[in-house]
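Data first, discussion second: the structure below is written as structure tokens.
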Amino acid sequence: MSVFNGLKFRKVYSPIHNLDPRIKFVYVCTIFAVAIIFSEILPLLVLFLMQIPFVVLAGVKREWLRSMRGAAFLATIIFLTNFVASFIGAGYIVTAKNLENAAAMTLRFIVLVESFSVFFLTTSPDHLGLALEQVHVPYEFVFAFTTAVRFVPVLAEEAQTIMDAQKARGLELERGNFLKRIRNYIPILIPLIVSAIRRSLELAEAMESRAWGATKNRTNLYVLKMHKGDFALIAITITVLAAAIYIRLFIAIPTLNELLTRLL
Amino acid sequence: MTLIETKKVTYTYPGGTKPSINDVSIQIEKGQFTLITGPSGCGKTTLCRCFNGLIPQFYQGELKGRITVAGLDAVEQPIYELAKHVGLVFQNPENQLFALSVEKDVAFGLENLGVSREEMWKKVDWALELTGITDLRERPPHELSGGQQQRVAIASVLAMQPEVIVLDEPTSFLDPLSAKKIFEVIHDLNQRLGITVVLVEHRLDLTAKYADHIIIMDEGRVVQDGKPREILRSEEARLIGIGIPKATRLYQILRKNGIDLGDKIPLSSDEMAKLLREALKD
Amino acid sequence: MIKIEEVYFSYPNNVEALKGVSLTIRNGDFLAIMGQNGAGKTTLVKHFNGILKPTRGKVLIDGVDTTKTSVAKLARNVGFVFQNPDSQLFSESVEEEIAFALKNFGFEKEVIEKRVTWALNLLGLDEYRKTSPFMLSGGERKRVALASVLAWDPQMLVLDEPTIGQDYQQKEKLRQFILQMKTQQKTVVIVTHDVEFVAECNPRVMLMREGKIIADGAARDILTNPEALTEASIVPPQIAQVFFELSDLGLPKNVIDVYEAERILLERMRRKA
Chain A
357 MSVFNGLKFR KVYSPIHNLD PRIKFVYVCT IFAVAIIFSE ILPLLVLFLM QIPFVVLAGV
417 KREWLRSMRG AAFLATIIFL TNFVASFIGA GYIVTAKNLE NAAAMTLRFI VLVESFSVFF
477 LTTSPDHLGL ALEQVHVPYE FVFAFTTAVR FVPVLAEEAQ TIMDAQKARG LELERGNFLK
537 RIRNYIPILI PLIVSAIRRS LELAEAMESR AWGATKNRTN LYVLKMHKGD FALIAITITV
597 LAAAIYIRLF IAIPTLNELL TRLL
Chain B
303 MTLIETKKVT YTYPGGTKPS INDVSIQIEK GQFTLITGPS GCGKTTLCRC FNGLIPQFYQ
363 GELKGRITVA GLDAVEQPIY ELAKHVGLVF QNPENQLFAL SVEKDVAFGL ENLGVSREEM
423 WKKVDWALEL TGITDLRERP PHELSGGQQQ RVAIASVLAM QPEVIVLDEP TSFLDPLSAK
483 KIFEVIHDLN QRLGITVVLV EHRLDLTAKY ADHIIIMDEG RVVQDGKPRE ILRSEEARLI
543 GIGIPKATRL YQILRKNGID LGDKIPLSSD EMAKLLREAL KD
Chain C
61 MIKIEEVYFS YPNNVEALKG VSLTIRNGDF LAIMGQNGAG KTTLVKHFNG ILKPTRGKVL
121 IDGVDTTKTS VAKLARNVGF VFQNPDSQLF SESVEEEIAF ALKNFGFEKE VIEKRVTWAL
181 NLLGLDEYRK TSPFMLSGGE RKRVALASVL AWDPQMLVLD EPTIGQDYQQ KEKLRQFILQ
241 MKTQQKTVVI VTHDVEFVAE CNPRVMLMRE GKIIADGAAR DILTNPEALT EASIVPPQIA
301 QVFFELSDLG LPKNVIDVYE AERILLERMR RKA
């Protein structure tokens, strides 16, 4: 659940929040691609560290740390599987190379979580919806997305009310064996589903009454315009991609071991 | 000028065993403030959904009779056409707000109609000002109180500048003070802008004083249709089960005891106090 | 008997909804809790059956501290009817819905059958015994929710906003029903902002504002107290408003009932004549 906390948007105004989501997304995808290009630990480390200034600038340190913590479990599994596999492959000996490889794979996963987390933490759902609309995703889908997000807190509250109401009729949710506990959730699920259906009907009525479907050329109150920051980000993205390709093709990347030996 | 007219309308919901409204013929004039009331299940909610085409187009079912709204045939014209002339505000504030900010919600109808961005901003600002919620424009809907949410719903309907606004028990979920504010906003729209208002309500104590036309329904039929003071003079409305304002009730029972406070029956406590003061003067 | 001692309550998002509330409700009391949305009324009554536990202070239901027992056990004596019946309804038939709580509380099969029949009868729902609750109208669903709570015969009934969306006739029936409960020595607490309904019921009235109790007394005193009502953001009943305006004529100020108003005015006019 804490992984999801890392994805929840918080309303704060920072230069990163104001960036065009489309550009941000392209940047995140580029980082993802670059992370795939390299399996060596050094470049991955660079990639990881590169995101930190974004996190700091956006002022989302706390939430970001929470999502990192959430990813820690999976990261450990990735590390162990990789390490054990290469351990066995190398004939049951621990080598620096194997350790480094396992660490690199883990770091790749972390870079992924890290950058997507920054994206979702700094992009409001309506900003995201607007971006989707402007890249010509059909409006029905964008609408379904933003409306769903809008109703999440409402549904959460309703679920709580239903639980309270049924507890007040003697329903004990914490007792009983596994099967019984599942059955005990039926009095919670059914009112929730029925209410969701009723709600959709009312929403549909309201949509129709506000001229839904009047024209295929739907306009928008807001429009995404690119600013200096966006162009800067485009420049950074292109530079990172170009540098990554160049390094991959023409430069031999030392392992951490070699680098440390060379420096010391 | 008649803005809404129904001629002998009878409607049965799909799968219904009997009609929800039966042989209903009413007329609503431009600029009027019409109150539609009646006991639960009398058909008032069904009737107001006939005004913007939800019935029969959205609900299907069996419809007989004619419905004309702003000169358009409400059975033939698509709902999005009728939406330009009739705005409908529903009971539950939460389920009418879709967007993540108030101003986006107010613009929703205009966006659907393909209005240009400059036009939209003007109309959104105008609607927000009229409903007194300009300072809430960037807030997300779930942070607002029920009363504020309903004002957003009214603003979003207002933005499309319809000739008629129909409100179906808009204050059911609100406390009396918020309800009062909503009625004041609606009254203001009617008086200042000349918008025709159709209000479906139980709370006559808060609304009867604003209306110049009242329609009482019972079991799917219209049983009384006319001016509020004339209709509330008799006890018939109360006997159907309508909640008469207490001030009016006092007038009625004093009259039964031989005390006639005059011809103009009171619809609010102020009016009643004035009448009593006259009567008790030495 | 319910004793609330200096209760403070804060929601997880740190909003302090109750700021030092103390209250005693005796068996057989009929209490109306009124106040603006957000004053803390529903938060307070959710402490009566342990749905919420105080952050500070104590809530004692018949001597039992609510933090020391489960909601299910407390519910045995405190029946809570929520504002929206759709938060509870889930069964295939009305009789199953009513039997739900009885099964949870461990009643015997024969007792359950008797109680279900009794509850159906009491609220005029016999014809809907085998009907699915989702097929019923709003008012009927409210009655099913009420029946399902009455079925286990709790000593105390808490009704959260029972008059919302109800027409006058339905409210009258509700009022009669509450009177019936009173004759059976039950404790009834209603949370409402329907001032006219409270004026007709004439209970003990408690006003709340921003998590505190600001007034507590008989309906005729509280609902005619302009300062208290303004503080609680409540509109006085129409009859009270009429008499406020005429207070300079020497008429009594604490009238909330229309028939009492009639009596007083007739007497005054006869004296004049």
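Protein chains in written order, with the numbering used here: chain A, 357 to 620; chain B, 303 to 584; chain C, 61 to 333.
The beta-carbon is built from N, C-alpha and C at its ideal position, and this holds for glycine as well.
None of these values were measured; they are calculated from a predicted model.
Note on Ile-433 (chain A): under 16 other CB atoms within 10 angstroms of its CB, so exposed under the neighbour-count rule.
The C-beta of Ser-536 (chain B) has fewer than 16 other C-beta atoms within 10 Å across all chains shown, which makes the residue exposed. For Gly-526 (chain A), the residues of chain C that pass the 9 Å Cβ criterion are Val-131, Ala-132, Lys-133, Ala-135, Arg-136, Phe-160, Ala-161, Leu-162, Lys-163, Asn-164, Phe-165, Gly-166, Trp-212, in the order they occur in the chain. The continuous stretches of alpha helix (DSSP H) do not include Asp-325 (chain B), which lies in the beta strand (DSSP E) extending over residues 323-331. Taken atom to atom, the span from the alpha-carbon of Thr-336 (chain B) to that of Leu-305 (chain B) is near 12 Å.
Between the stretch 418-427 of chain B and the stretch 581-589 of chain A there are fewer than three C-beta pairs closer than 8 Å, too few to call the two in contact. Per DSSP, the beta-bridge partners of Phe-90 (chain C) are C:Val-248.
Closest in C-alpha terms to Lys-174 (chain C), from the list C:Thr-127, C:Arg-269, C:Leu-210, comes C:Leu-210. In the same chain as Val-450 (chain A), and ignoring 5 residues on each side of it, the C-beta atoms closer than 8 Å to its own belong to Phe-443, in chain order. Only Arg-555, Glu-558, Leu-559, Ala-560, Glu-561, Ala-562, Met-563, Glu-564, Ser-565, Arg-566, Ala-567, Trp-568, Gly-569 from the stretch 538-569 of chain A bring a Cβ to less than 8 Å from some Cβ of chain B. DSSP places Leu-401 (chain A) inside the alpha helix (DSSP H), whose first and last residues are 397-414. The way I'd put it, the stretch 217-237 of chain C doesn't touch the stretch 62-81 of chain C; fewer than three beta-carbon pairs between them come closer than 8 Å. Exposed is the label assigned to Asn-181 (chain C), since fewer than 16 other Cβ atoms lie within 10 Å of its Cβ. Annotation for Tyr-578 (chain A): no beta strand (DSSP E) segment contains it, and DSSP assigns it neither H nor E.
For the set C:Val-141, C:Phe-90, C:Asn-97, C:Lys-242, the Cα lying nearest the Cα of Ala-77 (chain C) is the one of C:Asn-97. Judged by pairs of C-beta atoms under 8 Å, the stretch 414-434 of chain A touches the stretch 459-475 of chain A, as three or more such pairs exist. Bounds of the beta strand (DSSP E) holding Lys-310 (chain B) are 304-314. For Ser-571 (chain B) against Gln-301 (chain C), the beta-carbon gap comes to about 4 Å, under 8 Å, which counts as contact.
Among the residues facing chain B, Val-171 (chain C) is not included, as its CB has no counterpart in that chain under 7 Å away.
For a Cβ distance threshold of 8 Å, residue set Asn-97 of chain C lies close to Gly-448 (chain B), ordered along the chain. Excluding five sequence positions before and after Thr-593 (chain A), the CB atoms of its chain that fall closer than 7 Å to its own CB belong to Val-382, Tyr-383, Thr-386, given in chain order. At a cut-off of 4 residues, the continuous stretches assigned as alpha helix (DSSP H) that sit fully inside the stretch 97-161 of chain C are 101-105, 131-135. Residue pairing of His-444 (chain B) in beta bridges, as defined by DSSP: absent, with no partner found.
With contacts defined as CB atoms closer than 7 Å, Pro-543 (chain A) and Leu-527 (chain A) qualify as a contacting pair. Taking a C-beta cut-off of 8 Å against chain A, the contacting residues of the stretch 397-418 of chain B are Asn-397, Gln-398, Leu-399, Phe-400, Ala-401, Leu-402, Ser-403, Glu-405, Lys-406, Ala-409, Phe-410, Gly-411, Leu-412, Glu-413, Asn-414, Leu-415, Gly-416, Val-417, Ser-418, listed in chain order.
Put simply, the backbone Cα of Met-406 (chain A) is about 41 Å away from that of Ala-515 (chain A).
Membership of Tyr-495 (chain A) in the alpha helix (DSSP H) is indicated by the continuous run 495-523. Contact between the stretch 542-557 of chain B and the stretch 376-392 of chain B is absent, with fewer than three C-beta pairs closer than 8 Å. In chain order, Ile-379 place their CB closer than 7 Å to the CB of Ile-590 (chain A), counting only its own chain and leaving out the 5 sequence neighbours on each side.
For Glu-364 (chain B), same chain residues with a beta-carbon under 6 Å away, outside a window of 5 residues either side, are Thr-314 in chain order.
Between Pro-214 (chain C) and Val-138 (chain C), the C-beta gap is smaller than 7 Å, which places the two residues in contact. Across the set A:Thr-503, A:Val-498, A:Phe-499, the C-alpha of A:Thr-503 shows the shortest separation from the C-alpha of Pro-443 (chain B). Under the three-state reduction of DSSP, Glu-521 (chain B) is assigned to coil, being neither helix nor strand.
Considering only B:Gln-450, B:Pro-530, B:Glu-331, the residue with the shortest C-alpha distance to Tyr-512 (chain B) is B:Pro-530. Using a Cβ distance threshold of 7 Å, Val-502 (chain B) and Val-391 (chain B) do not count as a contacting pair. The beta carbon of Val-265 (chain C) lies closer than 6 Å to those of Ala-92, Ala-279, Ile-282 in the same chain, with the five residues before and after it left out.
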